[in-house]
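Novice: Quick one: structure below, then a few questions.
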Amino acid sequence: MVERTPILNFFTHLILFAGFVFCVAPFVIVAIAASHNLKDVNDVPMSLLPGSDFWVNIKTAWTTADLGPKLFNSFIMAFGVAAGKVIVSALTAFSIVYFRYPGRMLIFWLIFVTLMLPLEVRIVPTYAVVANVLDPYQTIMDLTGLSWLIQKISGVQVQLSLGLLNSYSGLILPLVATATGTFLYRQFFLTVPDELTEAARMDGAGALRFFVDILLPLSRNNMAALGTIMFLWAWNQYLWPLLITTDQSHAMAVTELKQLIPNVGGAPEWHIAMAGTLIVMLPPLIVVVLMQRWFVRGLIATEK
Amino acid sequence: MEKRVTFGRWTIGILFAVPQLILIFTFFYWPAGQAVYWSLTLQQPWGGGNIWVGLDNFRSILANADYWNSITASMIFAGISTGLAMVIALVLAALTDRQLAGSSLYRVVLIWPYGIAAPALALAFRFILAPEAGFMAVVNKVWPGFWDPGLDGADAMASIIIAFSWKYVGYNFIFFLAAFQAIPRSLIEAAAMDGSGVIRRFWDIQFPLITPTIFFLLVINITESFQDSFGIVDIMTAGGPANATNLMVYKIYSDGFKGLDYSGAAAQSIILMLLIIALTIVQFRFIERRVHYR
């Protein structure tokens, strides 16, 4: 900066370094604990020199919690949510920004309100809906007398039922149903010059063509940012997968961590627990490190 | 702001919005409405009819000491963890913004914790803060019985606060740093020319200019402390000992899915929804004000 402030600079470095240690220490401790054996990990104080059992522990954690298929499930879900968000939000934002139709502002506000209530606070009824996704429609038909009418005319009793518990769609769809990405796209679409639209229309491009060939290529940056954020967000979901996946074959890596907590009375197998933690931490950490630019950009943009 | 040039066929336009509308109707509006309905009726678990009871569910919840205990715990948790996460992040961001050698390293590393799943970091901290192994064990060796989150409610609360703050320091840091960097350099240089020191410049120029970010983060942190705490609580303390860390979302989960009290859980959800809506409205007030700043 403009002046010389050696003492202040010293303290700046000191505090920043302390912050650095504060942020990194848990990662390091987890990695070191994962390399000890049962005796060493329970030593007081635990040795900060890495032990030699790292791969053994990783292997044990991997098989105990059956992490292979669980990580695969987590990847499917995180990709599903990220892709769903990137596509659905783009479509909606396009509709809101580039068309004038009656009820457009109503749609805008209907979507906007979903920002306010996170899944966690309406978890019980959402669970009931996923148990039978067609239940809302069945109830509406019952209430409006539509199902009575159909039964009178065709003699078929309407019983809509489609359970999504223990399925990828049940995991993914409710997480896609929020407004986060829509506003990110909307902000961006509003900055796209009108001349582009005019030129496209003059060349005879319809709405769909303009959207696919011009708007989407322009929004690549937004897609990367939104995709990164949503991937991490979905990967880190806990409560929702915990409820929806009663069946082991659909369980997520993050929910599986619970299996690794050393139980009271058993051997305190912290080295295994930490090895499992390390495996589950690693994919999001890699995404953050590699996609840092998009991650930061997405975070700041989605919240505004 | 509106577009001048639009496409004519508005029926096609509506079609583009249909996927989103179906999703939010099925997975947002219907469940939210359902929650209101359930909170006003006595719901049998696993179907089988319900009885209209009006506001009785709310009355019985608000008369329940456990519920007030849960609210108090949530408030303590929200207050302390938000305070810690924001102050630490503010200091680190202000110092990083001085752009001394190595500040780009901090900018990269300090964000890492935010990428980690709450349950994963909770398990890590459960080990780090375990009374018999890990690092607090060293303290326990010197003062036996000083630290035991499994028995002492205050210790358990401290553990979940530490874990949560660790994650959100990184998050707040990103926003604070962006806010600091948005302040024009010339402003700060001009103040330096006039002879003000670093501390003075911070309090008189930078701090007032980032207050909108502070308000914004305050609301986000509090709302997140209601939601994102579930994984931390479930892994580290499971609401115990003696309900000391039974935060609101955790209580909704355990009443609804373990106790099968759908109506009670729905009533609690409604109260939490109202709380979060109130916070969001406050936030929009401040966002509006931020627009006026410019």
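So the protein sequences, as listed, match chains A and B. For any residue, its number in the working numbering is found by taking its place in the first sequence, counting from 1, and adding 914. For any residue, its number in the working numbering is found by taking its place in the second sequence, counting from 1, and adding 197. Heads up, the beta-carbon is just placed ideally off N, CA and C, and yes, glycines get one too. Bear in mind the structure is a predicted one, so any value in this text is a computation, not a measurement.
#1: Can you give me the C-alpha to C-alpha distance between B:E199 and A:T1105, rounded to a whole angstrom?
#2: In the DSSP assignment, find the unbroken beta strand (DSSP E) run with A:W884 in it and report its ends.
#3: Do we get a CB-CB distance below 8 Å when we pair B:A475 with the residues of chain A?
#4: Check B:T442 in the structure and name its three-state DSSP category.
#5: To the nearest angstrom, report how far apart A:T1092 and A:Q1065 are at their CA atoms.
#6: Could you tell me which whole alpha helix (DSSP H) segments of length 4 or greater appear in the segment 1027–1096 of chain A?
#7: Using alpha carbons as the reference points, say which of B:G367, B:M272 and B:T238 lies closest to B:L469.
#8: Check this for me: beta carbons of A:E1170 and B:V202, under 8 Å apart or not?
#9: Can you pull the chain A neighbours of B:A315, defined as C-beta to C-beta under 9 Å?
#10: Is it buried or exposed for A:V955, if we count other Cβ within 10 angstroms and need 16 for buried?
#11: When we look at the beta-carbon of A:L962 and count the other beta-carbons within 10 Å, is it buried (16 or more) or exposed?
#12: Alpha carbon to alpha carbon, how far is A:V1002 from A:I1021? Give it in angstroms, no decimals.
#13: For chain A, is any of its Cβ atoms less than 8 Å away from the one on B:I268?
#14: At 7 Å on the CB atoms, spell out the chain A contacts of B:P216, in chain order.
#15: With a threshold of 8 Å between beta carbons, is B:Q231 in contact with chain A?
#16: Among A:D1056, A:A1042 and A:G1059, which residue has its Cα nearest to the Cα of A:L1076?
#17: May I ask you to report which of helix, strand or coil DSSP gives B:W265?
#18: If we ignore side chains and look at the alpha-carbon of each, how far apart do B:W235 and B:I449 end up?
#19: Residues of the segment 419–443 of chain B in Cβ contact with chain A at a cutoff of 7 Å, in chain order, please.
#20: Would DSSP call B:I417 helix, strand or coil?
#21: Give me whichever residues DSSP pairs with A:F1013 in a beta bridge.
#22: Among residues of its own chain, excluding the 5 on either side of A:T1040, which ones have a beta-carbon nearer than 7 Å to its beta-carbon?
#23: What separation, rounded to the nearest whole angstrom, lies between the Cα atoms of A:F924 and B:L374?
#24: Mapping DSSP to helix, strand and coil, what is A:L963?
#25: Counting only Cβ-Cβ distances shorter than 9 Å, please list the residues of the segment 1009–1028 of chain A near chain B, keeping chain order.
#26: When you check each C-beta in the segment 266–300 of chain B against every C-beta of chain A, which residues fall closer than 8 Å?
#27: Just checking, does the segment 377–386 of chain B make contact with the segment 274–285 of chain B on the three C-beta pairs under 8 Å criterion?
#28: So, at 7 Å on beta carbons, what are the nonlocal neighbours of A:T891 in its own chain, with the 5 sequence-adjacent residues on each side left out?
#29: Tell me, please, which residues DSSP counts as bridged to B:T238.
#30: Any beta-carbon of chain B closer than 8 Å to the one on A:M991?
#31: Which runs of the alpha helix (DSSP H) at least 4 residues long sit entirely within the segment 332–409 of chain B? Give them in chain order.
#32: Does the Cβ-Cβ distance between B:I467 and B:V284 come in under 8 Å?
#33: Is the Cβ-Cβ distance between A:V1035 and B:V416 less than 8 Å?
#34: What does B:L320 reach in chain A if we use C-beta pairs closer than 9 Å?
#35: Looking at the structure shown, is B:Q296 part of a helix, part of a strand, or coil, going by DSSP?
Specialist: This is what the structure gives:
#1: 10 Å
#2: Residue 884 of chain A lies beyond the range of chain A shown here (915 to 1218); nothing can be said about it.
#3: Output row for B:A475: interface = no.
#4: coil
#5: Going from the Cα of A:T1092 to the Cα of A:Q1065 covers about 36 Å.
#6: 1037–1045, 1049–1058, 1060–1068 and 1082–1090
#7: It is B:M272.
#8: no
#9: N1150, Y1152 and V1168
#10: buried
#11: Exposed, by the Cβ-count rule.
#12: 14 Å
#13: no
#14: For B:P216, the neighbours in chain A by C-beta distance under 7 Å run, in chain order, V1002 and L1005.
#15: yes
#16: Taking each of A:D1056, A:A1042 and A:G1059 in turn and checking the Cα distance to A:L1076, the smallest one comes out for A:A1042.
#17: Looking at B:W265 - three-state DSSP - the assignment turns out to be helix.
#18: CA-to-CA, the gap between B:W235 and B:I449 works out to about 14 Å.
#19: Close to chain A, meaning a Cβ-Cβ distance shorter than 7 Å, are the following residues of the segment 419–443 of chain B: Q424, F427, G428 and I432.
#20: helix
#21: Paired residue(s): B:F204.
#22: L1033 and P1088
#23: 20 Å
#24: coil
#25: Listed by position along the chain: S1009, I1010, V1011, Y1012, F1013, R1014, Y1015, P1016, G1017, R1018, I1021, L1024, I1025, V1027 and T1028.
#26: I285, V288, L289, L292, T293, R295, Q296, L297, G299 and S300
#27: no
#28: Any answer about residue 891 of chain A is impossible in this case: the structure gives chain A only from 915 up to 1218.
#29: B:W249
#30: It does not; no Cβ of chain B falls within 8 Å.
#31: 333–339, 350–379, 382–390 and 395–398
#32: no
#33: no
#34: V944, L1171, K1172, L1174, I1175, A1187, M1188, G1190, T1191 and V1194
#35: In the structure shown, B:Q296 sits in coil (DSSP, three-state: anything other than H, G, I, E or B).
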